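One structure below.
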Amino acid sequence: MTQSLSLGPGIRLRCIPDSRFKQGCLSLQLVRPMCRQEASLNALLPAVLLRGTRAYPDLRAITLHLDDLYGASVGTLVRRVGDYQTTGLYCGFMEDRFALEGDAILAPMLDFVSQLLLEPVLEEGCFREDFVQSEKKNLIATIESQLNDKRAYAMEQMIRVMCREDSFGIPRLGEIADVEAITAKSLYDHYRKILRESRVELLYVGSAPEEKVAALLQRLFDRIERNYVNLPAQTPLRTGPESDTIMEMDVSQGKLCMGLVSPVTIREEGFVAMQLLNYIFGGGMTSKLFMEIREKQSLCYAIGSGFHGSKGLMTVSAGIDSAMKEAVQQAVLEQLALCRKGEITQAELTAAQEALRSSLLATQDSPGALEGYYGTAALSGLAMTPDAYIRAVEAATMEQIVTAAKTLTPHTVFFLKGVST
Amino acid sequence: MNRQYYPALEETVCREVLPNGLTVLVAPRPGFRKKLAYFATDFGAIHRCFTLEGKACEAPQGVAHYLEHKLFDMPWGEVSADFAALGANPNAFTSYDMTAYYFSCTENFAPCLKLLLQFVSTAYFTEESVAKEQGIIGQEIDMAADSPDSRIFEQLMEGMYAGHRIRETILGTRETIAAITPQVLETCHRAFYSPQNMVLCVVGDVDPEEVAALARQVLGDEICPVAQKQPMAEEPMACPESRVSTRMEVAMPMFQLGFKCEDPGKGEQAVRQEIIGDLAAEALFGESSALYLQMYEDGLIDSSFGGGFETVDGMSILTCSGDSEDPERVKEAILAGLETLLKEGIPEADFLRMKRSALGRRIRDLDSFDSTCFRLCAYHFTGYDYPEFPALYQSVQKEEVQAFLRRVVTRQRSCLSVIYPMKEV
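If you read the sequences in order, they're chains D and P. Everything in the first sequence is counted per my numbering, starting at 1 for the first residue and increasing by one. Everything in the second sequence is counted per my numbering, starting at 422 for the first residue and increasing by one.
Below is the structure:
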């Protein structure tokens, strides 16, 4: 059961009281519209906030403080949720009852979060120049390192091409050129602005009563002058022209990525059927793609599909021999055609329902998974609790699955082709 | 069944050794829906040479992993479909020194567990299906060849070790796996999948007695022989190479620095060594160290930097890795940082804080079913009762950590593995 309460205009705290865990967690997200002008600023901000506060002025002081709090952790949180980008902090900390007699963790931890957010180290009324420069360098290195994971890199390129006319085509961490252009002043001004204007989502999972968490956090928001600006609504994917792109690289294995578009998003009734279809088509080790292309034809090791519900985007990716691109692409489309024709067995449907149901039930067994569900679901427009979601999964029919398959249109192909230089 | 409660962790572990020699471990989690079961064998990629019933065998490199793939075949078909019908996801992994098969579910636990025990204990291989797997694993080998994270470690092992089979990749090569036949797989299965050599571990809201009873029902009471693993060659403490590098499609140079440590052996002493190694890594270059702050502020390392102590059967290393424009300077900074640290000594208050932090992180980690199940199995093979770890943290002294650092962090024992980008920066 979630309890939700307002801590001010546009500031919402949700608590998921649960005392089964050994740790609690808190996420703090400032929600922004995803746009090129802000994306890199939002990605950089939490990293700079984590460099130092008035009381804990450098990385080492922060780590020592967290060590004192029994190895608590604080990290940056930068998410894409449909047309929104969130920027903030995520922390995990041991429950007080495991600490030595008399030691508290939750209260000092929440106090520390408010210091991180509101009391950064300043230099002439601005963020410290060296902190900003070194975190810019870090962020650029992180963006560049996406190249190291070839499957994820190829998928990122496919989404860039396919969604170039949509906010979804903007990389989650922004563009390198935009990071380079950030100054300590521009970042600080942005920080002040988004503290005033953003919707703020706080989510706590743990054993402490809601009133206690609210009281500890209320202090935080009493200190901010607010001028809350409403967010625009989420929109379906706007696609540009279809394309089939090949990029060559000196790698052993080619990566094939395909993008399909559907008008069904997380905000539509057909969403649950689409999630089930995704599982049947390419979601697991018994999916059509896996069974046919890997197990039967031995064409790959890794293959699978994913559905981005906030946008109605389905993606397929496979690691293959570079000479087999056409064959695999053809085989993927054939498996989709089978789904559209209704060639889905009752066993496939039941397996998909069981798998989705089971994963929704298991979501409730981990603080991180609970945070992930509640921290993104509502923002993307999913109005259901996991329990309501499970009921919808159980009620889904074969006709609905086939209807979902029929809404999918293949749109973009991106192939990272292995060549030897 | 023996039932033990660990009050400091609010955990219970139930244990039983079945007549066939299988160890059953159950960590009950009342109030949770998820159930996770691991069926693991004390057999990994490095154990491919052994003596079975008096006969010496040398199986091809990559055999443990190949066997893991093929065990999913049953006379009636691929077993994943049976799990899927029950709403469960089966999977498996092969590491250097262990192979584990597992599933998680929320319903139908008993039939899923039965299926897990059945398929792992059934050696059913056909010429056709074994041959067909060459293509799939060939693609997995290509994928790993493109993964800098895998390559940097494999290259480091080649540079650091003279004889230990950690030098060989887990997957093998396209050439070595070509020699794998149904007969080879059967021999390895008979050699190491005897219940005596295995552990069944379940985390979740289940009846421990029922788990043990089901295992006994499926596996029977017969005691099967276990192969004798060929001991690893005696390993000198100096590394054959001090530096190994290659080029790949990466954005900036990546490095992994290793310091060779002694074989930690088995039992409590091995786990004590691991805790000392972890604390040593934290004291020398962990985020709370003066050295980390200095290297970070100098731009020598970035947030990708991390390190710790790693153990595989017969070997262990102290290691750190990350992206850096100048990996050589990182190595020099660490060697110089050691001198400063040892000269000043680790302050007692800092040491207590480090222990408290490490202990807190281990306790938090118990929330993860996967991590808990994995650790219960891995420590069982090491010969240690995992939930006893809080006591070990209490007893470890800073003098042990300092002595460890003095012994291990030397130029002679070090090797630096670097992956440079294809294009000169």
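We treat Cβ as the ideally placed atom computed from N, Cα and C, and that holds for glycine. All values reported here derive from a predicted model rather than from experimental measurement.
Using 8 Å as the limit for Cβ to Cβ distance, is residue i near chain P?
i        : result
D/Leu45  : no
D/Phe401 : Reading off the sequence shown, one finds Ile at residue 401 of chain D, where the question assumed Phe. Closer than 8 Å: no.
D/Ser134 : yes
D/Asn42  : no
D/Asn278 : no
D/Glu144 : yes
D/Asn230 : no
D/Leu64  : yes
D/Thr412 : no
D/Glu150 : It is worth fixing the name first, because residue 150 of chain D is Lys in this sequence and not Glu. Yes, because at least one Cβ of chain P sits closer than 8 Å to the Cβ of D/Lys150.
D/Leu147 : yes
D/Ala383 : no
Under 8 Å Cβ-Cβ, which residues of chain P neighbour residue i?
i        : result
D/Cys300 : Ile557, Gln560
D/Ala362 : Arg454, Lys455, Ser525, Thr527
D/Ile320 : Gln560
D/Ala327 : Near D/Ala327 there are no residues of chain P at all, since even the closest Cβ is about 13 Å away, more than 8 Å.
D/Ala181 : None at all; the shortest Cβ gap to chain P is about 20 Å.
Out of the options, state which residue places its alpha-carbon closest to the alpha-carbon of residue i.
i        : options                                : result
D/Val393 : D/Gly375, D/Ser359, D/Ala43, D/Glu119  : D/Ser359
D/Val74  : D/Leu26, D/Glu119, D/Leu45             : D/Leu26
P/Val551 : P/Thr590, P/Thr520, P/Met495           : P/Met495
D/Lys341 : D/Pro9, D/Phe281, D/Arg223, D/Glu225   : D/Phe281
P/Leu640 : P/Glu746, P/Leu538, P/Gly465           : P/Leu538
D/Leu336 : D/Glu292, D/Tyr373, D/Leu361           : D/Glu292
D/Tyr70  : D/Ala104, D/Glu38, D/Leu59             : D/Ala104
D/Met258 : D/Lys325, D/Pro386, D/Pro17, D/Leu220  : D/Lys325
D/Leu195 : D/Tyr228, D/Ser167, D/Asn148, D/Phe168 : D/Tyr228
Beta-carbon within less than 7 Å of residue i's beta-carbon, same chain only, minus the 5 sequence neighbours each way: which residues are those?
i        : result
D/Pro263 : Pro236, Gly312, Thr407
D/Gly169 : Ile159, Arg160, Cys163
P/Gly707 : Tyr713
Leaving out the 5 sequence neighbours to the left and right, which residues in its chain are closer than 6 Å to residue i when beta-carbon positions are compared?
i        : result
P/Thr597 : Pro481, Gln482, Gly483
P/Val846 : Legend: pLDDT at P/Val846 = 49, less than 50; position of this residue unreliable, value from coordinates given subsequently. Within the same chain, P/Val846 has no close Cβ partners at all.
P/Ala701 : Val822, Phe825, Leu826
P/Arg637 : Leu439
P/Met463 : The sequence given here places Asp at residue 463 of chain P; Met does not occur at that position. Hits under 6 Å: Asn618, Phe802.
P/Tyr402 : Because residue 402 of chain P is not part of the residues shown, which for chain P are 422 to 846, the question remains open.
Residue i CB to nearest chain D CB: under 8 Å?
i        : result
P/Tyr800 : no
P/Val839 : no
P/Ser709 : yes
P/Asn441 : no
P/Glu809 : no
P/Arg774 : yes
P/Lys553 : yes
P/Met849 : Outside the displayed range of chain P (422 to 846) lies residue 849 of chain P, so it cannot be described from this structure.
P/Gln505 : Correcting the residue identity first, residue 505 of chain P is Ala in this sequence and not Gln. Yes, P/Ala505 lies at the interface with chain D (some Cβ there is under 8 Å from its Cβ).
Identify the contact partners of residue i in chain P, using a Cβ-Cβ distance below 9 Å as the criterion.
i        : result
D/Tyr70  : Arg777, Ser778, Leu780, Gly781, Arg782, Ile784, Arg785
D/Lys137 : Gly720, Asp723
D/Ala141 : Ala672, Met673, Asp723, Ser724, Ser725, Asp744
With hydrogens ignored, establish whether the beta-carbon of residue i is closer than 7 Å to any heavy atom of the ligand NAP.
i        : result
P/Ala812 : Looking at this structure, you won't find the ligand NAP or any other ligand, since it has none at all.
Anything in chain P within Cβ reach of residue i, meaning under 7 Å, just list it in chain order.
i        : result
D/Arg294 : Ile557
D/Pro367 : Asp788
D/Lys22  : Ile784, Arg785, Leu787, Asp788
D/Gly92  : Arg785
D/Ala347 : Ala506
Find the residues of chain D that neighbour residue i, judging by a C-beta separation of less than 7 Å, and give them in chain order.
i        : result
P/Leu714 : Asp58, Leu59, Arg60
P/Ser501 : Met285, Thr286
P/Gly508 : Glu354, Ala355, Arg357, Ser358
P/Met843 : Asp250
Tell me which same chain residues have a C-beta within less than 8 Å of the C-beta of residue i, skipping the five on either side of it?
i        : result
D/Thr403 : Gly270, Ala273
P/Asp626 : Pro449, Arg450, Pro451, Gly452, Phe453, Arg454, Lys456
D/Ile344 : Ile280, Leu338, Met398, Ile401, Val402
Which residues of the region 715-730 of chain P have a Cβ closer than 8 Å to any Cβ of chain D? Give them in chain order. Tyr717, Glu718, Gly720, Asp723, Ser724, Ser725
Compile a chain-ordered list of the residues in the region 564-589 of chain P whose CB is closer than 8 Å to at least one CB of chain D. Met564, Ala566, Asp567, Ser568, Pro569, Asp570
What residues in the region 662-683 of chain P have a beta carbon less than 7 Å from any beta carbon of chain D? Glu670, Val671, Ala672, Met673
Residues of the region 732-744 of chain P with a CB closer than 9 Å to any CB of chain D: list them in chain order, please. The region 732-744 of chain P vs chain D, Cβ under 9 Å: Asp744.
Any C-beta of chain P within less than 7 Å: which residues of the region 241-255 of chain D qualify? Met249, Asp250, Val251, Ser252, Gln253
The region 208-221 of chain D: positions lying closer than 9 Å to chain P by Cβ: none
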